[in-house]
Every structure is written in C-alpha cells, then in structure tokens.
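In our numbering, the protein residues as written are -15 to 440.
Beta carbons are placed, not taken as given, at the ideal position from N, Cα and C, and that holds for glycine.
It should be emphasised that the depicted structure is a prediction, and the values quoted were computed from it without experimental measurement.
Scroll down for the structure; my scribbles are underneath it.
Pasting the structure below:
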C-alpha cells in the first residue's frame, strides 16, 4: 500500500537559478505543491543582499520581478538613497512596542495613536531617506487627514440625524407648559486643520522617535526638524467689562428653586471666582483638598485681613499659590457650608476634596456647565471672536495681575510657569514693576508658625 503523505525532502534540496553572473539568484522549495520563487539580488557597491519573495510560481515572472528589484536599487543608489537602512515601518513597530512598555499611561494613548497613523505615510520608505522635506510633508499630510476625518464625522452625524427624523415621522412635538419646544439649530463650526499646539506636539513625537533610532544605530544623524509656523496668539481672557458682566449675572443664575440645580450652580459660581482670583490650573483645582488651604497672617499693627494661600500639585510640581484677594476665603466658606449640610452638620475631613459631588468624589469637569453659563451671560467670546473656556479664568488672572503692576518673575512663580510664557502670551498687557507684589504684603513662604485655617 502506497503512503499518501510521503516525508518531505530535506531543506537542502532546493531548485535554483542564477543569472547575470550571480547578481540575481532565484530559488524555491522543489517539494512544495505550489512552490513560490524567492530572489536574492546583489547590487554593486552595496554590502549584503536584497532578499524577498517574488510572489509567483512562474520562473519567467520571477526573473522579471528580480530584475526590476535590481534596477530600482541601482536608481535609488544613483539618487543618493541608502537601500540598506532599516525601513521606517519596522522601526516604528519597534518604537511603539517600546513606548507602550516604558512611557506613562497618561502620555501613551495619544502618542501611539499618532505613531500608528505614520505607517500609511511612510510606506516602504527607509530611515536614512528621511529629511526636512519629508517631515514637512508628514505634518501637511497629518493636517489633511484631520480635516478629512472631521468632514467624515460631520457627514455621518447628518446622516444619523436624517435617519432619526425619518424614524420619528409624525410623532407629536415636545411641549412645555402647552408650548411647542422649538429646537435651536446651532451654526456649524468651521473645519480647521491642526492647531499650533498639536503641530508642536507632533514635532516633539518626531524628535523623540529619531533620538530613539539614533540610540540604536538605525541612523547616523538626526534629520533637521522643519521650522514651525506658529504664532504667539493671545490666549482668550475676560476683559474687565465682560468679567464684571459675568459676575453680575451670578445673582440671576442662582435664582432657581430646584435644590440639586442650585447646588451645582453654587459650586460652579464659586469655582469660577476661585480660579479667576488664584490662577490655578483646572487639574490643580480638581485635586484641591481642604488641608491645602491656609491663612497667611497679616503684618503686625495692620487692620488688613489675612491672605489665603493654596498648596497645589500641577505639571510643574508642588507650589504655594497666594490668592489675589482675601475674599477667596468667602468663596471657600460658601462651598464649606454646602458640604456641612450634606454631611449632617459635620465639617468635611481635611483629606476631602473641595470641588466634589455629594458623594465626596471630585467633580470631573465643569466644562459643560461653564459653557452654558457664559452663553447665558453673553460673554462667550472675546473681542477677537475667540470662544472662551475654563482656562480663560487662568488667563484672566494673569492679565489682571500684570495690569495691576505685579512683576513678571513673582507672577510666574505664583502661577507655576515661566516669565517667557508670560511674555509670549500676555505681552500685550502693561507691565509696571510694583513695590508690593501679589497681595501687597503677602509672602510666598509665609509665617512658619501660621496654622491651618481656623474656620475648618
């Protein structure tokens, strides 16, 4: 009886062909049912070989493929390209694996997202072929893809809305107090390319990738990064008139009977007042606890109330922030009264979050409620038509402080930033050095004997 599955022949039994005095070498496993031809090409003046599959079982087509590889390699060498360097796609895959293991999780997601998009752009390009023009084209390509993605999302959103409207058919319209509720159609925002900050971030990712390649000897020198065409735009802040208009609107904003809504709005109002009078970042406010607040004793023989200092932890480390005015104490006391009622008359613990929900967990974001607030108060945009955000409160603090004569160095230290950043973004404000900085008598170090606030 014949064996239906005879053993394979040894790997040494190959069928091979040699052309052009060994320059092109074709080979395949003779015992395969559909043996594919592989090629090994030797290019004059280049170390090593170019080896790849011809993806065909026909010998004539395989030779034609190998001959094209040979002549393409000659053309690339003549144009100054390096055909022996590692492919960008291979290095990118290794780098992504490195990033996912070695970088913090908060920085990893966005970075890997951008890196994976580069596979499509670089294709079969090699590392040593990358130059300044390549990186400029990469930034332009990324911006173009971003616009296409926004257009696609907008198209899908419209299609969903049309399907939903068709499915509703002749359903009765929503009413409130026997009045038909008319849905207000918001104007579509214009589709834009990458912002200057995103372009800067992409440039940083590129530099980090090429430094990583240099450390592993994949490249001999770093490609020169393209010059970024970024403008030092003024950050949107509240002018004095708009800030006063916003604070005057608070009285009307808090006139609600629903206790839950009143609680949320009271928390937001005091959040706005605290951030605009301390300049702390949104992330710093989110983690602020009652233990982080203390009073700075006023100078002796002075009738001034004690200043308020906050210990915050942000992207520049831990620092002590001196509030612009002692009135900040009042804003904290309002939040304290809310928490005492929710805790049955007891004071919150020192480790409790200040800006928190009823369950004591920190409020993730005030973004939605803040946007609604500035829309209702009719102060959503600045004089240049740029929409304001919660970060505008920090920019407002910086602008007001500079206009009031606080020295840039002292202000930068209080805000956890640099004088260069203040000059870059707030250089339009008048800056006259003042003898008494920040609180006109406040001290960053404070009194070592000063105790925590006694009203907790």
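Presumed contact (8 Å Cβ cut-off) between residue i and residue j, rounded CB distance
| i | j | result |
| --- | --- | --- |
| residue 398 | residue 256 | At roughly 19 Å, the Cβ-Cβ gap does not stay under 8 Å, so residue 398 and residue 256 are not in contact. |
| residue 308 | residue 227 | The pair is not a contact, with the Cβ atoms about 12 Å apart (cut-off 8 Å). |
| residue 21 | residue 7 | Going by Cβ atoms, the distance from residue 21 to residue 7 rounds to 16 Å, so no, they are not a contact pair. |
| residue 189 | residue 258 | The Cβ separation is near 35 Å, so there is no contact. |
| residue 326 | residue 273 | The pair is not a contact, with the Cβ atoms about 16 Å apart (cut-off 8 Å). |
| residue 451 | residue 129 | Since the first residue shown for the chain is -15 and the last is 440, residue 451 is missing from the structure and cannot be characterised. |
Residue i, buried or exposed, once every other Cβ within 10 Å from all chains shown has been counted against 16
| i | result |
| --- | --- |
| residue 85 | exposed |
| residue 171 | exposed |
| residue 358 | buried |
| residue 46 | buried |
| residue 113 | buried |
| residue 267 | exposed |
| residue 95 | buried |
| residue 28 | exposed |
| residue 279 | buried |
| residue 378 | buried |
| residue 180 | exposed |
| residue 390 | buried |
| residue 136 | exposed |
| residue 289 | exposed |
| residue 291 | buried |
| residue 0 | exposed |
| residue 123 | buried |
| residue 88 | exposed |
| residue 301 | exposed |
| residue 53 | buried |
| residue 338 | buried |
| residue 260 | buried |
| residue 12 | buried |
| residue 265 | buried |
Pairwise C-alpha distance: residue j and residue i
| i | j | result |
| --- | --- | --- |
| residue 263 | residue 370 | 20 Å |
| residue 37 | residue 220 | 58 Å |
| residue 33 | residue 270 | 59 Å |
| residue 376 | residue 320 | 25 Å |
| residue 234 | residue 252 | 10 Å |
| residue 431 | residue 286 | Confidence in residue 431 is poor, its pLDDT being 45 and thus under 50, which makes the residue's placement unreliable; the coordinate value appears in the next sentence. Each residue's Cα considered, the two are about 15 Å apart. |
| residue 30 | residue 198 | 22 Å |
| residue 351 | residue 373 | 8 Å |
| residue 393 | residue 407 | 11 Å |
| residue 207 | residue 195 | 10 Å |
| residue 209 | residue 184 | 11 Å |
| residue 17 | residue 24 | 22 Å |
| residue 231 | residue 353 | 15 Å |
| residue 5 | residue 178 | 54 Å |
| residue 201 | residue 111 | 11 Å |
| residue 294 | residue 276 | 6 Å |
| residue 336 | residue 149 | 47 Å |
| residue 249 | residue 241 | 12 Å |
| residue 92 | residue 44 | 49 Å |
| residue 311 | residue 81 | 51 Å |
| residue 98 | residue 76 | 11 Å |
| residue 386 | residue 364 | 23 Å |
| residue 405 | residue 62 | 48 Å |
| residue 71 | residue 90 | 29 Å |
| residue 343 | residue 246 | 17 Å |
| residue 281 | residue 132 | 58 Å |
| residue 108 | residue 205 | 20 Å |
| residue 143 | residue 175 | 18 Å |
| residue 330 | residue 222 | 37 Å |
| residue 396 | residue 383 | 12 Å |
| residue 340 | residue 317 | 14 Å |
| residue 322 | residue 283 | 32 Å |
| residue -2 | residue 10 | 10 Å |
| residue 303 | residue 60 | 56 Å |
Extent of the continuous alpha helix (DSSP H) to which residue i belongs
| i | result |
| --- | --- |
| residue 249 | 243 to 262 |
| residue 183 | 180 to 199 |
| residue 236 | 224 to 237 |
Residue span of the beta strand (DSSP E) that contains residue i, given as start and end
| i | result |
| --- | --- |
| residue 265 | No beta strand (DSSP E) contains residue 265, which DSSP labels as neither H nor E. |
| residue 394 | That residue, residue 394, is in no beta strand (DSSP E); its alpha helix (DSSP H) goes 392 to 399. |
| residue 280 | 277 to 280 |
| residue 302 | 301 to 306 |
| residue 377 | Per DSSP, residue 377 belongs to no beta strand (DSSP E); it is in the alpha helix (DSSP H), 375 to 387. |
| residue 297 | 291 to 298 |
Residue i Cβ short of 7 Å to the ligand MG heavy atom set
| i | result |
| --- | --- |
| residue 73 | The ligand MG is not among the ligands present in this structure, which contains no ligands whatsoever. |
Run through the segment 57 to 125 for me and flag every whole beta strand (DSSP E) of 3 or more residues, listed as ranges in chain order.
none
Would you mind listing the beta strand (DSSP E) stretches within the segment -4 to 33 that are 3+ residues and don't spill past its ends, in chain order?
-2 to 3, 8 to 13, 22 to 25
Taking the runs of the alpha helix (DSSP H) that are 4 residues or longer, which of them lie wholly in the segment 308 to 359?
312 to 326
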